[in-house]
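Using my numbering, read the sequence shown as starting at 2 and increasing by one per residue. To start, the structure under review is shown below, and the notes come after it.
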Amino acid sequence: MHDITTQSAPAAIAAELIKCPSVTPKDHGALNLVQHWLEQLGFACERLVFADEDLPPIDNLYARLGTKEPNLCFAGHTDVVPPGDLSAWDLPPFEAFEKDGMIWGRGAADMKGAIAAWLCAVTEFLQTGHPAGSISLLITGDEEGMAINGTKKVLEWMESRGEKITHCVIGEPSNQKTIGDTIKIGRRGSYNAHLTVKGTQGHIAYPQRANNPLPKLMKLVAALIENPIDDGYERFQPSNLELSAINSPALAENVIPGEATARFNVRFNPNWTGKSLEACLRDRLTTAAAGEIVWELNGRASGEAFLTSDVGFAELIAKIVGEQTDKMPDFSTTGGTSDGRFIHKVAPVAEFGLVGATMHKVNERVAIADLELLKKIYRQLLKEYFSAT
């Protein structure tokens, strides 16, 4: 174990980014580093800070080299999730140690490593000349948080200026086991909800004087989960509801609570919108309640399901991956949400980055060889994308 001494440029840049403890919403200098490197390459950089809706200010970066179309954009985020229990880490999460041919630290896989690989790919590509179009980067500090004052607001700012993206590659850790096994061409939507059932508090020895909400809540929950929501959609698995909590007020052990709540999430495919999914869930609850259970559902869709509108762009990436790795990647829509849920509305997107096996985990890390391979894939993408236009 030692500090970074590698000759790998992507690893060295990734290490500098990892050393910035940029847990959402704090940036701690990560975007300053990215901007510095881009300005050295001639990019025009715009720092965009948004802070409405009673949320902390979020720093974002949009950078562009060139003014002509097509505009190939790389989208990513420098914010990371909290490291959790520091004593559980084998190596400190924000010191970017090198061990066993890997860079260790929070954000190594998700997704500071991919940002580093793209920066190096662009640097090498520009050594051969300028693109027949534009290269841009949309880097946010609010992907792991509420995602309200990040990419979504940057896209609104771009629209107000007439700034257009032609295609976008998102550097999320798309691969499952090895570099090149998966390209994300869409994402499921995400719907979060709280279900509350009202009852009457009372002594547990006199249930006839109370109205216990817990059995009623269990009946409603059963109605939500006992039958599948759907059978799937082209390139999508069936929509899935998962319970995350069942609660009642912390009272004495001989007290029947006056209410009980359940929290759940639905990852849904394009059979639904957030609005139509909620209507379906409400229908199930209404039927199960049969007018005898008082319930309330509060939900919010944090992202809609989407499938990229230009599979040809993903196929170009797949071809390059196949040439660099001798294997063809799968096209996938699994996993959590990403900022692709916003970007796909303005341009076709494909997600391809590092291996995501350790993202959000203790001892997050990425192989230096994978960083180098990803750089090569990105560099070839730049070359072939602009040679085809």
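Beta carbons are placed, not taken as given, at the ideal position from N, Cα and C, and that holds for glycine.
Distances from the CA of Ala10 to each of Glu70, Ile104, Val50, Ala117 were compared; the closest alpha carbon is that of Ala117.
Taking 7 Å as the cut-off, the Cβ atoms of Ile369 and Ile321 do not count as close. According to DSSP, residue pairing for Met103 in a beta bridge involves Lys100, Ala368. Spanning the alpha carbons of Phe95 and Leu87 requires a straight line of approximately 10 Å.
Membership of Leu225 in the alpha helix (DSSP H) is indicated by the continuous run 214-226. The beta carbon of Val367 sits closer than 8 Å to those of Ala15, Met103, Ile104, Ala109, Ala110, Gly114, Leu355, Val356, Thr359, all from its chain and outside the five residues before and after it, given in chain order. Listed in chain order, the non-local C-beta contacts of Ala64 below 6 Å within the same chain comprise Leu39, Phe44, Cys46, Leu138, local neighbours out to five positions each way being set aside. Separation of Asn150 and Gly304 (C-alpha to C-alpha, rounded to the nearest whole angstrom) is 14 Å.
In this structure, the CA atom of Phe332 is about 14 Å from the CA atom of Pro174. Within the same chain, and ignoring the five residues on either side of Pro57 in sequence, the residues whose Cβ sits closer than 6 Å to its Cβ are Pro26. Only exposed fits Ala223, as fewer than 16 other CB atoms lie within 10 angstroms of its CB. Per DSSP, Ala12 lies in no beta strand (DSSP E) segment; the continuous alpha helix (DSSP H) that holds it begins and ends at 10-19.
Our two residues, Pro71 and Gly181, have alpha carbons roughly 25 Å apart in a direct line. The DSSP-derived three-state label of Ser88 is helix. Going by DSSP, Leu298 is part of the beta strand (DSSP E) stretching over 295-304. According to the DSSP assignment, Gly275 belongs to the alpha helix (DSSP H) that extends over 275-290. A buried status is given to Arg188, since no fewer than 16 other beta-carbon atoms sit within 10 Å of its beta-carbon.
Membership of Asn61 in the beta strand (DSSP E) is indicated by the continuous run 59-66.
Annotation for Thr262: the continuous beta strand (DSSP E) segment containing it runs 260-269.
Less than 7 Å divides the Cβ of Asp60 from the Cβ of Asp28.
Judged by DSSP in its simplified three-state form, Lys199 adopts strand. In this structure the segment 230-241 lies against the segment 261-278, because at least three pairs of beta carbons, one per stretch, are closer than 8 Å.
For Lys185, the enclosing beta strand (DSSP E) begins and ends at 183-185. Residues of the same chain with a CB within less than 8 Å of the CB of Ile294, apart from the 5 flanking positions on each side, are Val198, Lys217, Lys220, Leu221 in chain order.
Distances from the alpha-carbon of Thr338 to those of Glu144, His131, Ile247 put Glu144 closest. For Val347, the CB contacts under 7 Å within the same chain, skipping 5 residues up- and downstream, are Leu156, Ile166 in chain order. Going by DSSP, Phe95 is part of no beta strand (DSSP E) at all; its letter is neither H nor E.
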